[in-house]
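Protein chains in written order, with the numbering used here: chain A, 119 to 234; chain B, 129 to 237.
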């Protein structure tokens with residue numbers, strides 16, 4: 119499809135295990151965002167990639183969280199030693215133009231993570 | 129970051145218009161006004177955005193006050209599918225869109 123693709127759609131893991139969440143943005147979109155949404159809450163910014171620039175990691179909640187974007191396309195969000203408070207829907211978005219210039223974010227369906 | 133204020137919830141009847149207000153009294157001259165909505169169990173989707181002039185698209189209209197300190201998203205004929213959380217967000221030089229609590233819209237059949 120032409121939209122933002124995320125996998126897995128659902129992930130159940132045990133506390134202490136590592137998980138990887140994948141995001142495939144829309145082709146040609148240089149900006150990629152990760153957000154997190156806990157049950158009944160708003161969206162929490164995690165990390166932002168723009169082209170070849172250094173990513174803005176200011177929203178990552180702890181050093182257990184990391185993300186990379188290979189070749190300016192696919193991104194992987196990794197959570198090490200998962201905790202129950204990491205349970206949430208992890209949303210990826212991409213955009214062609216900066217939002218400060220009126221650019222539109224296109225979101226994926228999200229990856230629902232449940233840590234038991 | 130310039131912030132927005134929205135009502136927590138609004139109710140509407142099907143096929144009637146819905147007017148969703150948003151206050152942004154600290155908006156700067158370069159901030160765009162964005163609206164997104166999030167249907168249950170889905171990621172947010174773009175609705176509309178504007179800078180100074182009113183905007184129309186197939187989904188909605190955006191009416192921006194002359195002083196830009198407030199705006200209103202207008203859904204012309206609400207359908208059951210329009211039941212969602214609607215977010216009013218400002219963007220300036222900061223590329224991060226900050227999603228607040230939004231307005232939960234309920235549409236009655």
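Note that CB positions come from ideal geometry on N, CA and C, so glycine has one too.
Next on the checklist: Can you give me the C-alpha to C-alpha distance between residue 225 of chain A and residue 227 of chain B, rounded to a whole angstrom?
Outcome noted: The count along the first chain starts at 1 and reaches residue 225 of chain A at position 107. The count along the second chain starts at 1 and reaches residue 227 of chain B at position 99. One C-alpha to the other measures close to 13 Å.
Item to check | Whole-Å CB distance - residue 172 of chain A paired with residue 216 of chain A, under 8 Å assumed | outcome: Your numbering for residue 172 of chain A matches position 54 in the first chain. Your numbering for residue 216 of chain A matches position 98 in the first chain. With a Cβ gap of about 16 Å, residue 172 of chain A and residue 216 of chain A do not count as contacting.
Checklist entry - Fully enclosed by the region 154-230 of chain B, which beta strand (DSSP E) runs are 3 residues long or longer? => result 160-166, 173-178, 189-192, 198-203 and 212-219
Checklist entry - residue 256 of chain B versus chain A: which residues are under 7 Å apart at the beta carbon? => result The requested residue 256 of chain B is not part of the displayed model; chain B covers only 129 to 237.
Next on the checklist: For residue 216 of chain A, would you say it is in contact with chain B, using Cβ-to-Cβ distances shorter than 8 Å as the test?
Outcome noted: Here residue 216 of chain A corresponds to residue number 98 of the first chain, with the count starting at 1. So yes, residue 216 of chain A belongs to the interface.
Next on the checklist: When you compare the CB positions of residue 203 of chain B and residue 191 of chain B, do they come within less than 8 Å of one another, or not?
Outcome noted: Here residue 203 of chain B is taken as the residue at index 75 of the second chain, counted from 1. Here residue 191 of chain B is taken as the residue at index 63 of the second chain, counted from 1. Their beta carbons are not under 8 Å apart, which means residue 203 of chain B does not touch residue 191 of chain B by this criterion.
Next on the checklist: If distances are taken between C-alpha atoms only, which option among B:142, B:150, B:145 and B:171 comes closest to residue 230 of chain B?
Outcome noted: As a working mapping, residue 230 of chain B is identified with position 102 in the second chain. For the residues B:142, B:150, B:145 and B:171, the minimum Cα distance to residue 230 of chain B belongs to B:150.
Checklist entry - When DSSP labels each residue in this structure, what does residue 203 of chain A get in the three-state scheme? => result The residue you call residue 203 of chain A lines up with position 85 of the first chain. Three-state DSSP puts residue 203 of chain A in a helix.
Item to check | Sub-8 Å separation of residue 165 of chain A and residue 182 of chain A beta-carbons | outcome: Reading the first chain from its first residue, position 47 is the one you call residue 165 of chain A. Reading the first chain from its first residue, position 64 is the one you call residue 182 of chain A. Not closer than 8 Å, so no.
Next on the checklist: Taking CB distances under 8 Å as the criterion, tell me whether residue 222 of chain A reaches chain B.
Outcome noted: Taking the first residue of the first chain as 1, we reach residue 222 of chain A at position 104. The Cβ of residue 222 of chain A sits closer than 8 Å to at least one Cβ of chain B.
Checklist entry - According to the Cβ coordinates, are residue 146 of chain A and residue 214 of chain A closer than 8 Å? => result Residue mapping note: residue 146 of chain A aligns to position 28 of the first chain, counting from 1. Residue mapping note: residue 214 of chain A aligns to position 96 of the first chain, counting from 1. Yes, Cβ-Cβ distance for residue 146 of chain A and residue 214 of chain A is below 8 Å.
Checklist entry - Within the chosen definition, does the region 209-217 of chain B reach the region 155-173 of chain B through at least 3 CB pairs nearer than 8 Å? => result yes
Item to check | Whole-angstrom distance between residue 199 of chain A and residue 135 of chain A, CA atom to CA atom | outcome: Numbered from 1 along the first chain, position 17 holds the residue referred to as residue 135 of chain A. Numbered from 1 along the first chain, position 81 holds the residue referred to as residue 199 of chain A. Residue 135 of chain A and residue 199 of chain A have their C-alpha atoms roughly 5 Å apart.
Item to check | Sheet register partners of residue 129 of chain A (DSSP bridge) | outcome: One-based indexing of the first chain puts residue 129 of chain A at position 11. In the DSSP output, where bridge partners are listed per residue, residue 129 of chain A has A:231.
Checklist entry - Is the Cβ of residue 177 of chain B closer than 8 Å to any Cβ of chain A? => result Counting from 1 along the second chain, the entry for residue 177 of chain B is found at position 49. Chain A places a beta carbon closer than 8 Å to that of residue 177 of chain B, counting this residue as a contact.
Checklist entry - Is the shortest distance between the beta-carbon of residue 149 of chain A and the beta-carbons of chain B less than 8 Å? => result Position 31 of the first chain, counted from the first residue, corresponds to residue 149 of chain A. Chain B, which has a Cβ nearer than 8 Å to the Cβ of residue 149 of chain A, makes this yes.
Checklist entry - residue 183 of chain B to residue 137 of chain B, Cα distance in whole Å? => result Here residue 183 of chain B is taken as the residue at index 55 of the second chain, counted from 1. Here residue 137 of chain B is taken as the residue at index 9 of the second chain, counted from 1. One alpha carbon belongs to residue 183 of chain B, the other to residue 137 of chain B, and they sit about 24 Å apart.
Checklist entry - Applying a beta-carbon distance threshold of less than 9 Å, which residues of chain B neighbour residue 163 of chain A? => result Indexing the first chain from 1 puts residue 163 of chain A at position 45. Simply 224, 225, 226 and 227.
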